[in-house]
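Below: one structure, written as structure tokens.
4 protein chains.
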Amino acid sequence: MTTARTAPSTARQMKTDKSPPPQASLIVKGSDATGIVAAITSVLSERAANILSLDQYSDRSHNGTFFQRAVFEMNGLSAALPGIRTALDDLAQTYSLGYTLRDMSVPKRVAIFASKSDHCLLDLLWRHRQGQLPVSIAMVISNHPDTAEEVRGFGIPFFHVPSMGPAKLAAETEHLRLLKDNVDFIVLARYMQILSGEYIERIGVPIINIHHSFLPAFIGAGPYAKAKERGVKLVGATAHYVTDELDEGPIIEQDVVRVTHADTAAELARRGADVERAVLSRAVLWHAEDRVIRHGNQTIVFA
Amino acid sequence: MTTARTAPSTARQMKTDKSPPPQASLIVKGSDATGIVAAITSVLSERAANILSLDQYSDRSHNGTFFQRAVFEMNGLSAALPGIRTALDDLAQTYSLGYTLRDMSVPKRVAIFASKSDHCLLDLLWRHRQGQLPVSIAMVISNHPDTAEEVRGFGIPFFHVPSMGPAKLAAETEHLRLLKDNVDFIVLARYMQILSGEYIERIGVPIINIHHSFLPAFIGAGPYAKAKERGVKLVGATAHYVTDELDEGPIIEQDVVRVTHADTAAELARRGADVERAVLSRAVLWHAEDRVIRHGNQTIVFA
Amino acid sequence: MTTARTAPSTARQMKTDKSPPPQASLIVKGSDATGIVAAITSVLSERAANILSLDQYSDRSHNGTFFQRAVFEMNGLSAALPGIRTALDDLAQTYSLGYTLRDMSVPKRVAIFASKSDHCLLDLLWRHRQGQLPVSIAMVISNHPDTAEEVRGFGIPFFHVPSMGPAKLAAETEHLRLLKDNVDFIVLARYMQILSGEYIERIGVPIINIHHSFLPAFIGAGPYAKAKERGVKLVGATAHYVTDELDEGPIIEQDVVRVTHADTAAELARRGADVERAVLSRAVLWHAEDRVIRHGNQTIVFA
Amino acid sequence: MTTARTAPSTARQMKTDKSPPPQASLIVKGSDATGIVAAITSVLSERAANILSLDQYSDRSHNGTFFQRAVFEMNGLSAALPGIRTALDDLAQTYSLGYTLRDMSVPKRVAIFASKSDHCLLDLLWRHRQGQLPVSIAMVISNHPDTAEEVRGFGIPFFHVPSMGPAKLAAETEHLRLLKDNVDFIVLARYMQILSGEYIERIGVPIINIHHSFLPAFIGAGPYAKAKERGVKLVGATAHYVTDELDEGPIIEQDVVRVTHADTAAELARRGADVERAVLSRAVLWHAEDRVIRHGNQTIVFA
């Protein structure tokens, strides 16, 4: 099994002086078998595509599932992609593999959902403006109007969609109207509303959420007050994909920060917020760069 | 409210060249009120005791509970202690305080309980030999004979007390016989037996335990396998005082280490073991130096 | 010796529901002697001031220097301060101590200096707006106009003072005019100009700087490129007070982040920037709350 | 460019239930070119070798140097190795590559050098006994007899070779006699003697060293005292390959731990020792598993 770490992605590419050939990412997943790597890489090298990075991981605990992420560059990429797809379709049938091939010069489109607190939202907007997040932020949707001015100051459309009580159903309908065909994934940047299972299904794109985490966990409302009562010494945050089961989806990234008995529950929450924005930013970057592969309730992260 | 960090304790004192006056620790706990600090420190300064460190914390969320740790040095300490006690008894009555006063030149006596795995046990024995743990290790008790030779190599008595099935009741009786009046606290260094509530009560000294921790927690058997299934990115450990409620006692210290999808469940356990030994060593040091004050289900740690 | 950690400072106080009495901080520094703590705390308790936190540290390696930070609250604080000062002046003479006493309800006034990069600047402005930094930001001065609009969006005055080549002397004069009597300290938030020794002296208020740090250090220009050449595995940042000796002043706070061979020099710089903003924010908070005591070329940080 | 993380190496293999086929590691280094990955992996797949992990990194800042680590398993490995070598020799000529191919079922042989302090030495011996270090420890050589009994307690040969003053030259001769043809690499586990350039050359195997590190660095004797004077907030350690230039060789791994003003220089040293043993253990493990590729004065670490 193998993990890996690739650098020359869209975001980082921006820094280089002269424009290199366009890049594509290829994610492959399937049953492990001898010869897969050679077969896949031959498809690329026969077309003079230069592999910039290749990360492989074989999970032996699951009967040998094979995961691979390759990033390659080639002149005339868009013209070549259909031919590569045809060759990969053949391989996919031979080896029972699934794959996704993506032109990385076209950034993924994302909608950010927020509520009142702005720490995660602003960090994403600021990093995007810095050229650190290779995404196109299509819109920010919030159930509160508080952050409207700030978001628009970054040149991003802001939509206020109230969702309290009876408005909730109408809100979901409005969301779907706004999002339809406009986004490739959604980020819940401290969006304090529960999404219905039906809604998640209808949206049809990956949703990334961030929430506080402790050792041990404190379930339900007022987690920081509970953590304070127990005298925890670390508070943390987890970024994960949203599934039907609330806060139980595949984990993308986690981190913690040290606290002491002298920190009030409010202080714990403030320090937790610092971790949340850092963890969410990393998760969004990795998703944007095709570094995260979902597999059951876990993730393979080639970061 | 205040925390603090004091250094010139027994362990660290060993390093200094010429012998300074003996030291004592004074822990005070009670309802907060104006003038407490001045009253307590006056008791010491009137007797020419030199305060080396003073740490105060007032927990305002609990109606103002006051916590203080002072370390002071004075020539003729043992002769002076009874007089200090008398003066403190008066203060304690006036302000409704509780206190403990301890001659730090007499190290606390500890029994270490272990089972088969030796990572926590050996780290404690090695640090003790290095002069890093200001305790007297009275004995090691294990339900397995595996570590006997190693423990005795450190010059520490080792007692093998099997505790499987019907032997469990006999084992507890044997423990109590060995421990009675011989130890000031107990450390469970990966001791894989559950202690009965009655047993905990009869032992009558603080018990420190170490166990694995995750974000989020995974309850029950096989936690590393469950953590692997969920794809956690951090594994950790928690050192806590043992109470009736299994693994729910006041937390002394916690830490984590980063893992990836490429780590097997066995790897997670190995990395978890590294964190366990580090966290347990810190918790034992702090307990030995009177840096930990229990308060309900939390701790004040002046570390 | 003792460190400590106090919580109920201006910033954190803002969260509590009903207004408590005003608070003051008292910093004392001098030769250690028996009875100092009792003498100082008696001055406060005789006036019914309630000590919320008390942190003491005695540095035995320097012939016993004594450091103490106390935070107390009392009704009628401003009226009582002159009397407290008189009493402390007596103590200061008796024990050869120095002290500073400050009404914490009056936030310190700060000027932030910046250049082109905005990561440290924006983090400070955002935390200030969130109520996390108990300071009054009097102005932002920059040698580049790039961040003007953003700064003014936070409602903070922005002054563009070019300082290239011959403009440098004029710039320093202009700075002094703007700052005179208006600020209590200065923060260099990635201000890419060297301050002359004469200038530092004439400004007469503490200056906090942030700069990149590595293990080991790489001196001079292009440090990230050099760090990349050497293959460092950690990049970090140091916040320190500015002295005549460039980047050699007393350290307030440091931190690091892990990097790998796959990170380009640009990536190292980006990750370094994340650490810089975190470290600088902590240093500014601690300075604002009187938690940092300078002592020769080191600091005592009661954080 | 790509890094990666491979798991199923010798050490970790020990945990699996039934014996899998033997494994080999293949490290390739050279100028980057289209088709290399496909060419190399084809050599393996044509012989029905199953690639368990593959990690690639292309360093674009150095004119495209290509680094690859593959671990594969196959039945009849030893019989197949000569044929694989022949095929790789052809590829190496075509693409101007260098490579090393190693049967991982034969652990590398190591000599550990130590002096008086035992924290790094014992951690290595203990991890080896736990099955966590896939090496064969051929001998421990020390210029002090202090740790002899302990080392022999682990069943490892111990040689006392004094090296003070005039004995130094004789010591080097004695070392060479002991080491000749017996070891594949050397670990300096706090060995407090400087090795001459001539000696390093004659030994002819990689040498791994561990030393303290700070932000910033403190050169020369008494670094912890200097760090204390400057008031550093982090102390760390660096594991690196030994070259002619003292402590300037390629870095394998680094880490730090947080300290405060309350820590004495002795305390800094103690905490530094904890980091040293952790960092050195990781560096030795990675070297043992062929995860570290030297490249000029840096390292590619596929960990």
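Protein chains in written order, with numbering that gives the first Met the number 0: chain A, 0 to 302; chain B, 0 to 302; chain C, 0 to 302; chain D, 0 to 302. C-beta: ideal position from N, C-alpha, C; glycine also.
Near chain D, meaning a CB-to-CB distance below 7 Å, the residues of the region 138 to 171 of chain B are Gly-152. Within the region 98 to 149 of chain D, the runs of beta strand (DSSP E) that reach at least 3 residues and sit entirely inside it are, in chain order, 107 to 113, 134 to 141. If you ignore the 5 residues before and after D:Tyr-190, its C-beta comes within less than 7 Å of the C-beta of Phe-112, Ala-113, Ser-114, all in its own chain and listed in chain order. Close to C:Leu-121, with beta-carbon spacing below 9 Å, are these residues of chain A in chain order: Leu-121, Trp-125. In this structure, the CA atom of C:Lys-232 is about 16 Å from the CA atom of D:Asp-58.
Here the region 33 to 40 of chain B does not lie against the region 267 to 277 of chain B, with fewer than 3 beta-carbon pairs under 8 Å apart. DSSP places D:Arg-229 in the helix class (H, G or I) of the three-state scheme. Annotated three-state conformation of A:Val-70 is strand, per DSSP.
With contacts defined as CB atoms closer than 8 Å, B:Val-160 and B:Val-150 fail to qualify as a contacting pair. Residues of chain C with a Cβ closer than 7 Å to the Cβ of D:Lys-232 are, in chain order, Ile-250, Glu-252, Gln-253. Between C:Ile-50 and chain B, the shortest Cβ-Cβ separation is below 8 Å.
Within 10 angstroms of the beta-carbon of B:Arg-276 lie 16 or more other beta-carbons, which makes it buried.
In the displayed model, C:His-174 falls within a helix according to three-state DSSP. Look at the region 62 to 85 of chain A: it has no residue with a C-beta under 7 Å from a C-beta of chain D. Residue environment: C:Ser-212 is assigned as buried (16 or more neighbouring CB atoms within 10 Å of its CB, all protein chains considered).
D:His-239 is bridged by DSSP to D:Asn-208, D:Ile-250. Distance from the Cα of C:Val-300 is smallest, within the candidate group D:His-260, D:Val-274, D:Ser-195, for D:His-260. Only residues of its own chain outside the window of five on either side were considered, and among them Ala-69, Leu-100 have a CB closer than 6 Å to the CB of D:Leu-25, listed in chain order. Separation of the CB atoms of B:Leu-279 and B:Ala-220 is rounded to 21 Å, and the pair is thereby denied contact status at 8 Å. C:Asp-262 places its beta carbon 8 Å or farther from that of C:Ala-236. Contacts between C:Gln-131 and chain A, judged by CB atoms closer than 8 Å, involve Arg-269 in chain order. Around the beta carbon of A:Leu-168, fewer than 16 other beta carbons lie within 10 angstroms, which makes this residue exposed. The beta carbon of B:Arg-201 lies closer than 8 Å to those of Leu-175 in the same chain, with the five residues before and after it left out.
DSSP places D:Tyr-94 in no beta strand (DSSP E) but in the uninterrupted alpha helix (DSSP H) bounded by 76 to 94. Scanning chain B for C-beta atoms nearer than 7 Å to the C-beta of A:Gly-29 yields nothing, as the closest lies near 16 Å away.
Residue burial annotation: A:Glu-171 is buried, with at least 16 other C-beta atoms found within 10 angstroms of its C-beta. When the Cα atoms are used, B:Val-274 and D:Asp-122 turn out to be separated by approximately 14 Å. For the region 83 to 107 of chain A, the beta-carbon criterion of a distance under 7 Å to any beta-carbon of chain B is satisfied by none of its residues. Against chain C, the beta carbon of D:Leu-214 has neighbours under 8 Å at Ser-212, Phe-213, Leu-214, Ala-216, Gly-235, Thr-237, Gln-253, Val-255, listed in chain order. Taking the C-beta atoms as reference points, A:Gly-196 is found no nearer than 8 Å to A:Tyr-94. Against chain A, the CB of B:Val-42 has no partner CB under 8 Å away; the residue lies outside that interface. Counting along the chain, C:Arg-276 sits inside the alpha helix (DSSP H) bounded by residues 264 to 287. Only residues of its own chain outside the window of five on either side were considered, and among them Asn-142 have a CB closer than 8 Å to the CB of C:Met-163, listed in chain order. In the DSSP annotation of this structure, the continuous segment of the alpha helix (DSSP H) that includes D:Val-42 starts and ends at 35 to 44.
Along the region 288 to 299 of chain A, going in chain order, the ones with a CB nearer than 7 Å to a CB of chain B are Asn-296, Gln-297, Thr-298, Ile-299. For B:His-260, a Cβ of chain A is located within less than 8 Å of the residue's own Cβ.
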